[in-house]
Amino acid sequence: MSLNSRHLWHFHGGLKLPSNKAVSTIKPITRALLPKRLVIPVQQHIGEAGKLLVKVGDSVLKGQVLAQASSYVSASIHAPSSGKVVEIEELPVPHPSGLSALSVVIETDGEDKWIELSPLHHPNTKSPTELRQLIRQAGIVGLGGAAFPTAVKVNTGPHAEIDTLIINGAECEPSISCDDMLMRHYASEVISGCGLIQYIVSAKHCLIAIEDNKPEAIAALRAVITEKALHTIEVVVVPTIYPTGGEKQLIKVLSNKEVPSDGFPSDIGVLVQNVGTAVAIHKAICLGEPLISRIVTITGEGVQQAHNMEVLIGTPMSELIEQSGGYHDDAAKLIMGGPMMGFTLQTDHLPVTKACNCLLVSNAAEQTADAMPCIRCGACATVCPAQLLPQQLYWHASSKNFDLVQEYHLFDCIECGCCNHVCPSQIPLVQYYRFAKTEIWNQERDRIKSDHARIRHEFRQQRLDREKKERDEKLRKKKELLAKKKIAEAETKKTADETTEIDPKKAAIEAAMQRVKDKKSAQQTATTNLTSATESSNEKSTQEQ
Amino acid sequence: MQFKTATSPHLAQQNSVQSVMYKVLLAMLPGTIAMIVFFGWGVLVNIILASVVALSCEALMLLLRKRPLKPYLLDGSALLTATLLALALPQLAPWWLTLIGTAFAIIVAKHLYGGLGFNPFNPAMVGYIVVIISFPREMTQWVPPLLDDYTLLTFSETLRVIFHGELPLTYGWDAITMATPLDTVKTQLGLELSINEIENHKEYGSMFGAIGGFGWEWANGLFLMTGLYLCIKRIIDWRIPAGIIAAILVLSNLFALYDYASFTPPTFHLFSGGFMLGAFFIATDPVTAATTTKGRWLYGAGIGIFIYIIRTWGSYPDGIAFAVILMNMAAPLLDYYTMPRAFGHRWNEFPHHHLGDKDEE
């Protein structure tokens, strides 16, 4: 195996895990059959859901926009094949809690007919902004699993200077091999994508990081680089230690720099993109194709045939399993993602989404041993790649001391599961951290809500006070006016008496005022009557009871 | 198809408390066998007796605390406590001494604090301290190691001594028990003898071996080797014994250089008494030790310093138990002040309200 001359660093902790990748890399990537029904969730990314552009009954072509990115942090979705929109409903989506979300259902017509594509043959003639726009239109999101809109990520702003672009081909999670196979079979597309991103963010160097357990992928990419005589793109072989593929860990290994806890990689002049994303960018810009398919690893002891498939977004998982020979009898868990960070699904009647890199069917005879008490051995801290104290986090999370748990940097935890894996007491540590995070988020939401309520209440109180003041002021003024008038009246009367001369105008006014007074007193009596009537009826009803 | 759900990670956990405890117990076997060879059946009788008492007390406390019996009885922690305590006791200690020490260790030092994982002090050492303070005379019933002119008691003789206090007809207490090398050095230094004179003394000289106490040096050597193996296998943390040994080496070298006639040489410290057992098997009890990397260095160094101080100037011959308990007290503080810098943070910011003032809020 060819190693690199580049000096590498280490991140703290990590685990050497059995990779279990060989089984799914024997066969080449196969293309999944075109399903009858495609279910495309409108939101498959971090950010806001797109705005729907189609309605039930519409005919759509492959690559046609179904929902348009609605805000800056959003991503469009496209029809993965041609057909008819038959349903727009809340349908189950792959989510740890088995949620449903708005999805567009397309009945495919089997023709797989593309919309008109506009490939760019000379991307370098376009400005980075125009290319970013193409990435945005193609609905590309990070394909490493996070599904963050790529157009946002490659827009590093005018102030951040990107020195190094890191293309993440580490694929450190056991069992997953989709990036490995992608690099082997789409090496020139990967390199093309790297060049495009490098151009967009004007990065001086591009490092493609691959773990040393993927010699074929390393060789394939190096061959393309040599062939094209590229001097700024370099394949860097990194040791196979989980979680090297974590963004922050990979940056540390390659540059010895640490992304600040409250910052972004761009703060230290680095941008990280997944290899799959690089290929998607190549397709979007050079071929004009939006992101409508991805490579998915089907593997695990619970499935007949382990392999990688190129799958249209929206394809039901059950069909992929069927095309992999079906389940073994002892299939116990269906995991989306890898064994360390993936989440289990309740059913396989779910669509493949942009974030779905692997379907792992485990037959794990569950160790149902109850957790023992923590014996404070500290194995968790030894392996924690975020250099946290998982044990202290556990104590404080389990005692619901959410202030202290944050001071022990709970939110720097990447939930990689290393601590959990080595714990001799078999405590489900990550579960405690997720619980604490959720609780803190909820509290934060409640706090914001109550803050809102408090502010609203204060405003209302202020308004009431102001209104009361104004009323009082008015009343005072009225009274003053009235008093003045009375004095004036008395005076005029005096003068009138004195002069014994009655001004007809004044007499008219006086008469009118007298009338008003009479009316008022009449009303008052009426109200009093009414009140007493009600009271007496109340009394009656009380007596009846 | 429907599936069961679970939270990640989904890989089966490899490690268990039970396997850790049994590996440590297994690693103590060679040193223990050496002790039996040199000091007789009493060592074995003590271990068996302490184990029976420990498991009974553990079961009793689990029942009282309404905890499941099986996982805790099988976890090996009670057996480990019993074995450590038994090895620390004199070989001919009366049965009730072992019983009191072990019962106190399990019932008070372990379970009254909340059982496995919650005890702030090393149970075995608490048990040891209780008996050495309460019954100082019985705690001197050490037998001399197997020597040319001396035969060890037979198994049945040992049983009779331990359970009935009956001595074999031909022996008196003075004949079968004597002070340990550590004790002898301390006493004789007090009588103004030099180290050299003590080691070549016609009466006591034979109890000193090549580098430590005769017999003791074998047990210590074996505990050192198996302890190192546990360190390599990452079953115990190497920093704690390293800290202890480093502290002892620094102090003993300094003082021996200053006055070699009145201060024992470093090798004697390392290979006498329960030193290696203490450094690799007692001080490394994770529950009661510091947990951070730096904290463990300091914790080990602290124990080493206290061992040296107590052995040299204290009133007890060996200071491992006191040193360990003293540093147990310091462990939470060490952990607090040696928190590692978290990834992406510039320096370790201490939590503002640590040591239990959360009630104020």
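Line by line, the protein sequences are chains G and Y. Every position in the first sequence, counted from 1, becomes a number in the numbering used here once 36 is added. Every position in the second sequence, counted from 1, becomes a number in the numbering used here once 494 is added. Just so you know, even glycine gets a beta-carbon here, dropped at the ideal spot from N, CA and C. The model shown is predicted, which means the values in this text are computed figures rather than measured ones.
Contact note: residue 757 (chain Y) does not reach chain G at a C-beta cutoff of 8 Å; the least C-beta distance is about 35 Å. Only buried fits residue 393 (chain G), as 16 or more other CB atoms lie within 10 angstroms of its CB. A distance of 8 Å or more separates the beta carbons of residue 548 (chain Y) and residue 594 (chain Y). Looking from the CA of residue 370 (chain G), the closest CA among G:361, G:382 and G:360 belongs to G:382.
Nearest neighbour of residue 346 (chain G) by Cα position, chosen from G:340, G:334, G:354 and G:194, turns out to be G:334. Residue nearest to residue 165 (chain G) within the set G:448, G:89, G:237 and G:459 is G:237 (criterion: CA-CA distance). Contacts with chain Y at 8 Å (Cβ-Cβ) include residue 48 (chain G). For the pair residue 76 (chain G) and residue 139 (chain G), the CB atoms are nearer than the 8 Å cut-off. In this structure, the beta-carbon distance from residue 787 (chain Y) to residue 728 (chain Y) does not fall below 8 Å. If you look at residue 564 (chain Y), you'll find it in the alpha helix (DSSP H) that goes 563-568. Residue-level contact by beta carbon fails for residue 614 (chain Y) and chain G, as no gap is shorter than 8 Å. Chain G places no beta carbon closer than 8 Å to that of residue 774 (chain Y), leaving this residue out of the contacts.
Residue 369 (chain G) has a beta carbon lying within less than 8 Å of a beta carbon in chain Y.
A Cβ-Cβ distance of about 5 Å is found for the pair residue 592 (chain Y) and residue 543 (chain Y), placing them in contact under the 8 Å criterion.
Cβ-Cβ distances below 7 Å link residue 553 (chain Y) to 563 and 567 in the same chain, with the five nearest sequence neighbours on each side left out; the list follows chain order. Secondary-structure assignment with DSSP links residue 67 (chain G) through a beta bridge to G:346.
Rounded to the nearest whole angstrom, the CA to CA distance from residue 128 (chain G) to residue 411 (chain G) is 41 Å. Within 10 angstroms of the beta-carbon of residue 710 (chain Y) lie 16 or more other beta-carbons, which makes it buried.
In this structure, residue 183 (chain G) lies away from residue 281 (chain G), with their beta-carbon atoms at least 8 Å apart. The Cβ neighbour count for residue 752 (chain Y), taken over all protein chains shown within 10 Å, is under 16; the residue is labelled exposed. Look at residue 788 (chain Y): its C-beta is not under 8 Å from any C-beta on chain G. None of the residues of the segment 483-512 of chain G has a beta carbon lying less than 9 Å from any beta carbon of chain Y. For the segment 371-389 of chain G, the residues whose beta carbon sits under 9 Å from a beta carbon of chain Y are, in order, 371, 373, 374, 375, 376, 377, 378, 379, 380, 381, 382, 383, 384 and 385. By the CB criterion at 8 Å, residue 536 (chain Y) and residue 648 (chain Y) fall outside the cutoff.
Distances from the CA of residue 199 (chain G) to each of G:240, G:44 and G:72 were compared; the closest alpha carbon is that of G:240. Contact of residue 453 (chain G) with chain Y by beta-carbon distance below 7 Å involves 502 and 503. Beta-bridge annotation (DSSP): residue 74 (chain G) is paired with G:142.
One Cα belongs to residue 783 (chain Y), the other to residue 79 (chain G), and the distance between them is close to 49 Å. The beta carbon of residue 355 (chain G) sits closer than 6 Å to the beta carbons of 71 from its chain, once the five residues preceding and following it are set aside; these are given in chain order. A Cβ of chain Y is located within less than 8 Å of the beta carbon of residue 297 (chain G).
For residue 213 (chain G), the nearest beta carbon of chain Y is not closer than 8 Å to its own beta carbon. Ranked by how close their Cα comes to the Cα of residue 294 (chain G), the residues Y:835, Y:515 and Y:498 have Y:835 in first place.
Apart from sequence neighbours up to five positions away, the residues of its chain that approach residue 745 (chain Y) with a beta-carbon distance below 7 Å are 799 and 802, ordered along the chain.
Note on the segment 509-573 of chain Y: there is no whole beta strand (DSSP E) run with a minimum of 3 residues. Rounded to whole angstroms, residue 474 (chain G) and residue 188 (chain G) show a C-alpha spacing of 26 Å.
A check of alpha carbon separations from residue 469 (chain G) across G:495, G:427, G:497 and G:479 identifies G:427 as the nearest.
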